[in-house]
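Reviewing the structure listed below.
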Amino acid sequence: MKMNQRDKIRIGFSLFLVILIGLGCVVKSDKNPVVTLKDAFAGKFHVGAAMGSHHIHERDKEAINVLGTHFNSIVAENVMKSGMIQVREGEFKFSEADKFIEFGKKHNFHIVGHTLIWHSQAPRWFFVDDEGKDVSAEVLAKRMEIHIKTVVGRYKGQVKGWDVVNEAILDDGSWRESKFYKILGKDFIKLAFQYAHEADPEAELYYNDYSMANSGKREGVVKMVKELQSQGVKIDGIGMQGHIGLEYPTIQEFEKSILAFSELGVNVMITELDLTVLPSPRRDMGADVATNVEYQQSLNPYTEGLPEDVQKQFDDRYLAFFKLFLDHHDKISRVTLWGINDGDSWKNGWPVRGRTDYPLLFNRDNTPKSVVSEIMELAAKY
3 MKMNQRDKIR
13 IGFSLFLVIL
23 IGLGCVVKSD
33 KNPVVTLKDA
43 FAGKFHVGAA
53 MGSHHIHERD
63 KEAINVLGTH
73 FNSIVAENVM
83 KSGMIQVREG
93 EFKFSEADKF
103 IEFGKKHNFH
113 IVGHTLIWHS
123 QAPRWFFVDD
133 EGKDVSAEVL
143 AKRMEIHIKT
153 VVGRYKGQVK
163 GWDVVNEAIL
173 DDGSWRESKF
183 YKILGKDFIK
193 LAFQYAHEAD
203 PEAELYYNDY
213 SMANSGKREG
223 VVKMVKELQS
233 QGVKIDGIGM
243 QGHIGLEYPT
253 IQEFEKSILA
263 FSELGVNVMI
273 TELDLTVLPS
283 PRRDMGADVA
293 TNVEYQQSLN
303 PYTEGLPEDV
313 QKQFDDRYLA
323 FFKLFLDHHD
333 KISRVTLWGI
343 NDGDSWKNGW
353 PVRGRTDYPL
363 LFNRDNTPKS
373 VVSEIMELAA
383 KY
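Just so we're aligned: the sequence shown equals residues 3 to 384 in the numbering used here.
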C-alpha cells in the first residue's frame, strides 16, 4: 500500500519514540520530562492494560516490554472468570490465574481481579441441579459464597481490588434478568459484595458495567449503589467500561456519569478502554458479548491501514477522552486499556468476527501510535 505523508511521519515518529524509550531518554514537555504513560499519569491515576493468556505466558516479549514500560496496573482478560476457574462444581483450576498473579507480583504491578460474578461466562452448573432444573435461592447463594471466598481468599493481600459484579444493569436502568437475578433477585449483588469483603477485608470492591454514559444506565447504577450503601454493603468503586467509538458516547454524557458516580463517595475507574474505528452494524452496541453479527466486507474497510482522516479522528477522540480523565483525575483512580496492542483486541472479533480494528494505543508491531506522545504532553500540563 502506498503511504501518504502523514503515515510516513507517524511511522517515523513511532520508531523514534521506541528508540528513545529503549535508550532511557525522555520526551520533553514544556513543564516536566515525560518518559512513559505511567510516568505521565503519576500522582493522578494508575494506567493499566488487560493481559491475555499469551501475555501471561510471556509469549509476546515485545508486548510484555511495552506493558512494563508504559503501564503500572494489570487485569486478566479472561483467566479469572468463574467459567475458567471452576468449570465443574468443586474443581478449581488456578494454574492460569496463579501465573497472572505471579507475574503481577514479580513486576510490582497494581493487580485487579476480574470478575467474580458475571452472567455471561459463568459455568452452566452454577444455576442447575442434577436434573437440569434451576436451583433454589439457598443453593445458588451457597455456590456463590464458596466460589467467591475460595478465589478471593486464595489471593488475599495480593489483588488490590476486585470487579465483584459485572454488567447487572441494562441500558434503560432496569435489572438484567440473568439467572443470578431470576433466582436470587437483587440480593445476589449484596451477597457477592459481602462474601468478597469477608474473604479479604482489605481489598477494594467494584461494580463494573458497559455503556455507563447512557442516562438510563447511569440512573440505574446510582440507584443500585445507593441501595447497597443503605444496607451497609462495602463498595469502593464503579468501573465505567470505556468501549467507545468515533461518534459515541458524547464526552458530555460520559462526564455526567463520572460526576454522578463520584458523588456516591466511591472511586471511578475507566476499566476497559478501547476506541473502535470500524462501522457498527448497530449504533452504540455497548459490549454485550451475546451479540455477534455475520461478517460483511463493507464492515471491514481498513484492512490495509487507516486513511489519514480516520487516523486524525482517532487521535482527536483519544485526546478528548484523556483530557476528560485528566480534568477529573481527583475522582478517577485508574484508566485501563483492554489489551496492549491492536492485535490483542477483542474488537477484531466483535461484534463481527474477522475484522481489522485499531482500538488501542500501540500498533500490532508494539510501536506506540503518535497520539501516545500527545497524551503524555497533555498530562504534563496538569
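Even for Gly, the Cβ is constructed at its ideal location relative to N, Cα and C. Computed from a predicted structure; not experimentally measured.
Asked: Pull the bridge partners of A408 from the DSSP assignment, please.; Found: Outside the shown range of the chain, which is 3 to 384, sits residue 408, and nothing can be said about it.
Asked: Hey, how far is the Cα of G241 from the Cα of D173?; Found: 15 Å
Asked: Could you tell me if A198 is buried or exposed, where buried requires 16 or more neighbouring beta carbons within 10 angstroms of its beta carbon?; Found: buried
Asked: Can you list, in chain order, the residues of its chain with a C-beta nearer than 8 Å to that of P424? Leave out the 5 residues immediately preceding and following it.; Found: Limits of the chain in this structure are 3 at one end and 384 at the other, which puts residue 424 out of reach.
Asked: Give me the Cα-Cα distance between F96 and D332, rounded to the nearest whole angstrom.; Found: 36 Å
Asked: First and last residue of the alpha helix (DSSP H) that includes V373?; Found: 372-381
Asked: In the DSSP assignment, find the unbroken alpha helix (DSSP H) run with R145 in it and report its ends.; Found: 139-156
Asked: Whole beta strand (DSSP E) runs in the stretch 220-300 with 3 or more residues, listed along the chain?; Found: 239-242, 245-247, 269-278
Asked: If you follow the beta strand (DSSP E) that E206 is part of, which residue opens it and which one closes it?; Found: 206-211
Asked: Comparing C-alpha positions only, which one of R355, L326, T358 sits nearest to A381?; Found: L326
Asked: Name, in chain order, the residues that DSSP records as bridge partners for G218.; Found: According to DSSP, which records beta bridges pairwise, G218 is partnered with nothing at all.
Asked: Measuring alpha carbon to alpha carbon, tell me which residue in L308, F43, H56, F364 is nearest T358.; Found: L308
Asked: On a Cα-Cα basis, can you pick out the residue from V235, G159, D202 that is closest to D189?; Found: V235
Asked: When the Cα atoms are used, what is the spatial distance from D311 to D276?; Found: 19 Å
Asked: Rounded to the nearest angstrom, what separates N1 and G356 at their Cα positions?; Found: Past the edges of the chain, shown from 3 to 384, lies residue 1, and the structure says nothing about it.
Asked: What do you get for L363, buried or exposed, if any count of 16 or more other CB atoms within 10 angstroms of its CB means buried?; Found: buried
Asked: Residues in its own chain within less than 7 Å of T152 by CB, not counting five upstream and five downstream?; Found: F94
Asked: At which residue ranges does the stretch 308-373 contain complete alpha helix (DSSP H) runs of 4 or more residues, listed in the order of the chain?; Found: 310-329
Asked: Of the choices L207, I237, E206, S84, whose alpha-carbon is the least far from that of M146?; Found: S84
Asked: Assign V161 to one of three DSSP states: helix, strand, or coil.; Found: coil
Asked: Does DSSP classify L186 as helix, strand or coil?; Found: helix
Asked: Over the uninterrupted beta strand (DSSP E) stretch that includes G45, give me the two end residues.; Found: Per DSSP, G45 belongs to no beta strand (DSSP E) and is neither H nor E.
Asked: For M214, which of F263, P203, D238, V167 has the nearest alpha-carbon?; Found: F263
Asked: Classify S176 as buried or exposed, calling it buried when 16 or more other Cβ atoms lie within 10 Å of its own Cβ.; Found: exposed
Asked: Cβ of F47 within 8 Å of Cβ of I334?; Found: yes
Asked: Is it the case that the Cβ atoms of D238 and Y208 are separated by a distance below 8 Å?; Found: yes
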